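First the structure, in the form of structure tokens, and then the observations on it.
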Amino acid sequence: MIKPNRLSNKNFLSTLDVSTDEVIHILELAKNFKNKKLNINLKNKVLGLIFDKSSTRTRVSFQVAMSRLGGTTIDLNPTTSQIGRGEPIKDTARVLSRYCDVIAVRTFKHSDLEEYTKWSTIPVINALTDLEHPCQALADFLTIQEKFLDFKNVVLTFIGDGNNVANSLILFGALLGIEVRIACPKGYEPNSLVVNKALEIYKNKNLLKISNDPTTAALGANVLYTDVWSSMGEENQKAEKDKIFNGFTIDNDLVNKADKDAIILHCLPAYRSKEITDEVFESKKNRIFDQAENRLHTQQALLSCLLH
Ligand code: CP
182 MIKPNRLSNK
192 NFLSTLDVST
202 DEVIHILELA
212 KNFKNKKLNI
222 NLKNKVLGLI
232 FDKSSTRTRV
242 SFQVAMSRLG
252 GTTIDLNPTT
262 SQIGRGEPIK
272 DTARVLSRYC
282 DVIAVRTFKH
292 SDLEEYTKWS
302 TIPVINALTD
312 LEHPCQALAD
322 FLTIQEKFLD
332 FKNVVLTFIG
342 DGNNVANSLI
352 LFGALLGIEV
362 RIACPKGYEP
372 NSLVVNKALE
382 IYKNKNLLKI
392 SNDPTTAALG
402 ANVLYTDVWS
412 SMGEENQKAE
422 KDKIFNGFTI
432 DNDLVNKADK
442 DAIILHCLPA
452 YRSKEITDEV
462 FESKKNRIFD
472 QAENRLHTQQ
482 ALLSCLLH
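The sequence shown begins at 182 in my numbering and counts up by one.
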């Protein structure tokens, strides 16, 4: 029976914290958790959840994952802890390291997450920053693997803002050697450091394609993926971004350009009629709720590797 291996890095802040073999191992473990073939006991282990932003999937899937592993979670809501009052991260991190076995942090600046890591003696997990959403990407690639069985010849097209989700898809795509196409409006391209790092990793650099043309990006794609146009914290840009992103909606016309067996992914929450039409969202091609479920299984796998 497969057993969780220790990861080479203590933390999971970025896709770059894991190797190709480690990603494949986490996905394999996740499949075993999903099929109820794996039973790992993390009794007495405690996961601290620090969420500076709202969350449904990430928070609940971490809580359920830890519960299924026999451990517990503490929800460190900033408004009811001293975090919201401005206690320095370096103090919070050192204190929580005395109580918890691992912490997952959702915050705005990636540098704040790195500050937690600098002062923590326990593993730190990125539960989303402005730069990356690597836990989401683990679930995304498990969902892709479930449909296509392996990653050979898979074309993943992300249409929308070149944000944290796109950045993590690019880096995972580079690690797994799959073709990733990003189509976004001018000025909303993915982080250039992420793109350069991905190009260093890709053996075939032509597999990463960044454009401003959703139609070309969708041609023959196996996966069409989108995310909200305005992320948390960008509420004041909503009206402007709705105009800028006009033409980047995943609708039936775009789906018809993709491969006939293409699947639709969305990391949720979704704004129907903005980044995706209700028709496409509710279509048979959607694997959106498998993708959401897979957050649970991939995080069980990740926690097992970090704590077992
Ligand atoms: N996809 C995702 O991270 O969802 P939540 O914001 O609900 O956690």
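We treat Cβ as the ideally placed atom computed from N, Cα and C, and that holds for glycine.
These figures come from a predicted structure and were not determined experimentally.
### Message
Here's the rule I'm using: 16 or more other beta-carbon atoms within 10 Å means buried, otherwise exposed. How should Leu-380 be labelled?
### Response
exposed
### Message
Applying the 10 Å Cβ sphere with the 16-neighbour rule, what's the burial state of Met-182?
### Response
exposed
### Distance CB(Asn-467)-CB(Ile-431) smaller than 7 Å
no
### Message
When you measure from the CB of Leu-449 to every non-hydrogen atom of ligand 1, does any distance come out below 6 Å?
### Response
yes
#### Entry: Integer Cβ distance of Leu-352 from Val-375, believed to fall under 8 Å
6 Å
### Query
Do you know offhand how far Leu-277's Cα is from Leu-400's?
48 Å
### Query
Which residues share a DSSP beta bridge with Tyr-406?
Phe-339, Leu-446
### Exposure of Ser-301, with buried meaning 16 or more beta-carbon neighbours within 10 Å
buried
### Message
Assess contact between the stretch 222-236 and the stretch 283-298, defined as three or more Cβ pairs (one per stretch) separated by less than 8 Å. Is contact present?
### Response
yes
### Query
How would you write the range of the alpha helix (DSSP H) that Leu-228 sits in, first residue to last?
No alpha helix (DSSP H) holds Leu-228; the beta strand (DSSP E) holding it covers 227-232.
#### Entry: CA-to-CA distance, Thr-396 to Pro-269, given in whole angstroms
47 Å
### the stretch 358-367 contacting the stretch 334-342, beta-carbon criterion three pairs below 8 Å
yes
### Query
In three-state terms, what does DSSP make of Ala-308?
coil
### Message
To the nearest angstrom, how far is the alpha carbon of Asp-459 from that of Ala-451?
### Response
10 Å
### Task
Within the stretch 412-462, note down every full beta strand (DSSP E) run reaching 3 residues or more, in order along the chain.
444-447
### Task
Could you round the C-beta distance between Ile-221 and Leu-250 to whole angstroms and report it? I think they count as a contact, below 8 Å.
6 Å
### Task
Look at the alpha carbon of Lys-215 and the alpha carbon of Ile-425, and state the distance between them as a whole number of angstroms.
40 Å
### Message
I need the DSSP call for Thr-254, collapsed to helix, strand or coil.
### Response
strand
### Message
Going by beta-carbon coordinates alone, are Ala-308 and Asn-475 separated by less than 7 Å?
### Response
no
#### Entry: For Met-413, the nearest candidate out of Asn-372, Asn-387, Val-199, Leu-449 (CA to CA)
Leu-449
### Task
Could you spell out the range, first to last residue, of the alpha helix (DSSP H) harbouring Ser-278?
270-280
### Collapsed DSSP secondary structure at Arg-468 in the structure displayed
coil
### Message
The alpha helix (DSSP H) that contains Ser-235, what's its start and end?
### Response
That residue, Ser-235, is in no alpha helix (DSSP H); it is neither H nor E in DSSP.
#### Entry: Test item: CB-CB of Asn-345 and Leu-323 under 7 Å
no
### Task
Compare the Cα-Cα distances from Lys-184 to each of Ser-195, Leu-197, Leu-210 and report the closest residue.
Leu-210
### Task
Tell me, to the nearest whole angstrom, how far the beta carbon of Leu-405 is from that of Ala-355; I am working on the premise that it is less than 8 Å.
Contact flag wrong, Cβ pair sits at about 20 Å.
### Message
Quick check: does the Cβ of Ser-373 come within less than 6 Å of any heavy atom belonging to ligand 1?
### Response
no
#### Entry: For Leu-389, the residue or residues it bridges with in DSSP
Val-361
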